[in-house]
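Chains as they are written, first to last, in this note's numbering: chain W, 49 to 359; chain L, 342 to 715.
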Ligand SMILES: Nc1ncnc2c1ncn2[C@@H]1O[C@H](COP(=O)(O)OP(=O)(O)OP(=O)(O)O)[C@@H](O)[C@H]1O
Ligand code: SF4
Ligand SMILES: [Mg+2]
């Protein structure tokens, strides 16, 4: 186990390094610079600015100092908002994005699993058809379309819920629905199909032959096995939700990282781009690591350490 | 076919059976033990009575009549083997007894299953659960899939006990260790914490047996418990069954394709064909004086280790389609003795002795007269 964690940790570092390098290369491939706005800046001032932000140095030197900033986790000040450091932006925006993302994934997992399980238990019944119709719609409607519809119907027309910002739990409802519907649908479908398969397994028959209650059979014997595929896709799903938050935050005017991230790219605000990208990829890689650990805990056949059991 | 030929056939089968007995993989000791056992007095207590059980499945292709009127009794401490070709309804019969017919596709159309006088077929599910796993237990064919891969052996052993009998965690664990010892698993205390994939197939089947026996049931239904195992392990598992039966006086329904297994541990044998029991009787009666042509055919198709050169005689043809089972004797199409009447009317049951019964027109007095004439 320990060995596995160390190995995974080294791989995480390597992954982050690769992402960081790619970001750096891509960033410098996009034409333009932080100082090319609509107002043409005086060339001298521009040169001075570039010097100040060390943008005049050769690329490999920039790359090295960039790597150093990653290691020390100090990306310096933003170019567009010089009185704020990248770390300030992260500290302000990330908790909000994190909250949105986590609430979304929890809602998606909970409702998806429950929906999928009920659909499987009522296989070919009314609830099953209803749930699967919902799932198909949920998967095919993009979250920004859903977001706009929700705002228009529930916030504007019916005035039931607040349409924007992030100031109370009530404000969370619409963005979370918009963001969670797709993942919920995917999880529900996956849970249903794997549940249907698990329910035909001999060990379920055996559990019934033991005279266990149906609830116990579903929760203890079926669900745990049926959730394996769900855990497998959780990693990619997290990545999807993470990028989804950027879009949803823009639509609902939520002051999370999304706003800064999109702005920073438009503005070629190099330190912010690099800082947020590296931070997000580190976060995602770490979440994938956790998913793997959870997978190993759920399924004892997956050995986290390489030693073979006496099979 | 005349009387002489028939006698000749019987003679042949008799010889065969003796050879089968001798050629059992377990060796002579097991057979001798067995011989002793089959002489034991039959208990008067009827643990299970199955009366005219009929089970169907609704499928897209129509209704499959899987079990079409099965009746038998099972006495305390007795082992009844149910044999027959694939698809003849052995598993469906045992699942019906156990209350495990998958709803809504499967329907018990008719018949009664009485466990110690209590009617099981119309019991509510919660009532039934008080019997499942406690009074009646079941062992499945494939030990590789019968255990839940994500739960430890200990959890799977104790959960039945903890659900049905109010025992403490510690006592349940103790009992689980005892059970693992009983079925011959070394280091039971450590083994409890392990998962199924850490055991071999034979070990897993022992664990499945331990799970089935932990609540001390009175009836054990074993659906091909050794089919998936290799011969040596098979013999060990069968010996385990005998040992357990001697210790606990449990009644066993054993479903199998393997007449070698039957010869070893059964007291009585029910031969099933196309959803019906066509012949039932003591092991000796079935092996030495089989009456039903299908039973004879089965005995002729037994592979034997001692006579390699001689050809097996598989029964020609296939069983009838259970979507529209024939009115008459279902064996007509394959039966070398088939008569006109067989095709139209199902034969009534002829009692040969108080334990031996057979459904075949050959038993009819008129058929006997006919044969003599020809
Ligand atoms: N769930 C089901 N749905 C539809 N038909 C079924 C179902 N279960 C069993 N049957 C049918 O019932 C018949 C008897 O099946 P059963 O499983 O009892 O055979 P078996 O004697 O146990 O055979 P085997 O030796 O192969 O296990 C078969 O024709 C089978 O197709
Ligand atoms: S009833 Fe007729 S067809 Fe059926 S087994 Fe007897 S002789 Fe053969
Ligand atoms: Mg079967």
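We put the CB at the ideal spot given by N, CA and C, even for glycine. As the structure is a computational prediction, the values presented were derived from the model and not from experiment.
- At least one CB atom of chain L sits nearer than 8 Å to the CB of residue 272 of chain W.
- Residue environment: residue 242 of chain W is assigned as buried (16 or more neighbouring CB atoms within 10 Å of its CB, all protein chains considered).
- Leaving aside the five residues that flank residue 168 of chain W on each side, the residues in its chain whose CB is nearer than 6 Å to its CB run, in chain order, 240, 243, 244.
- The residue among L:450, L:692, L:483, L:404 with its C-alpha nearest the C-alpha of residue 392 of chain L is L:450.
- Within 7 Å of the C-beta of residue 431 of chain L there is at least one heavy atom belonging to ligand 1.
- Membership of residue 464 of chain L in any beta strand (DSSP E) is not indicated, and neither H nor E is assigned to it by DSSP.
- Residues with their Cβ less than 5 Å from any non-hydrogen atom of ligand 2, running along the chain, are L:634, L:670, L:672, L:673, L:676, L:678, L:679, L:683, L:688, L:701, L:702, L:703.
- If you check the C-beta of residue 481 of chain L against ligand 1, you find no heavy atom less than 7 Å away.
- If you keep only unbroken alpha helix (DSSP H) runs of at least 4 residues inside the region 93-124 of chain W, you get 107-120.
- Residues of the region 381-406 of chain L that bring their beta carbon within less than 8 Å of a beta carbon in chain W are absent altogether.
- Contact note: residue 347 of chain W reaches chain L through 490, 491, using a C-beta cutoff of 8 Å and chain order.
- If you check the CB distance, residue 550 of chain L and residue 524 of chain L come in under 8 Å.
- Nearest neighbour of residue 659 of chain L by Cα position, chosen from L:615, L:705, L:416, turns out to be L:615.
- Not one heavy atom of ligand 1 falls within 7 Å of the beta-carbon of residue 154 of chain W.
- In the DSSP annotation of this structure, the continuous segment of the alpha helix (DSSP H) that includes residue 219 of chain W starts and ends at 217-247.
- Within the DSSP bridge table, the entry for residue 700 of chain L names L:690 as partners.
- For residue 500 of chain L, the enclosing alpha helix (DSSP H) covers residues 494-505.
- Annotated three-state conformation of residue 324 of chain W is helix, per DSSP.
- In this chain, the beta strand (DSSP E) harbouring residue 398 of chain L covers 387-400.
- Its chain contains 72, 322 as the residues whose beta carbon lies nearer than 7 Å to that of residue 114 of chain W, once the 5 sequence neighbours on both sides are disregarded; these appear in chain order.
- For residue 420 of chain L, the pairing in a beta bridge is given by DSSP as L:593.
- Under the DSSP assignment, residue 618 of chain L falls outside any alpha helix (DSSP H), being part of the beta strand (DSSP E) whose first and last residues are 617-623.
- Residue burial is scored here from C-beta neighbours: residue 446 of chain L has fewer than 16 other C-beta atoms within 10 angstroms and is therefore classed as exposed.
- Rounded to whole angstroms, the Cβ separation of residue 292 of chain W and residue 236 of chain W is 18 Å, and the two are not in contact under 8 Å.
- In this structure, the alpha-carbon of residue 192 of chain W lies about 25 Å from that of residue 335 of chain W.
- Beyond the five residues adjoining it in sequence on each side, residue 233 of chain W comes within less than 6 Å, by CB distance, of 183, 186, 187 in the same chain, given in chain order.
- No Cβ of chain L is located within less than 8 Å of the beta carbon of residue 170 of chain W.
- The C-alpha of residue 490 of chain L is placed about 8 Å away from the C-alpha of residue 349 of chain W.
- For residue 56 of chain W, the secondary structure class from DSSP, reduced to helix, strand or coil, is helix.
- At least one beta carbon of chain W lies nearer than 8 Å to the beta carbon of residue 483 of chain L.
- Under a 10 Å Cβ-count criterion, residue 171 of chain W is classified as exposed, with fewer than 16 other Cβ atoms of the shown protein chains found around its own Cβ.
- Here the C-alpha atom of residue 98 of chain W lies approximately 27 Å from the C-alpha atom of residue 64 of chain W.
- Using a Cβ-Cβ cut-off of 7 Å, residue 254 of chain W is close to 481, 487 of chain L, given in chain order.
- Residue 611 of chain L is bridged by DSSP to L:423, L:621.
- One thing to note: residue 306 of chain W has its Cβ within 8 Å of the Cβ of residue 145 of chain W.
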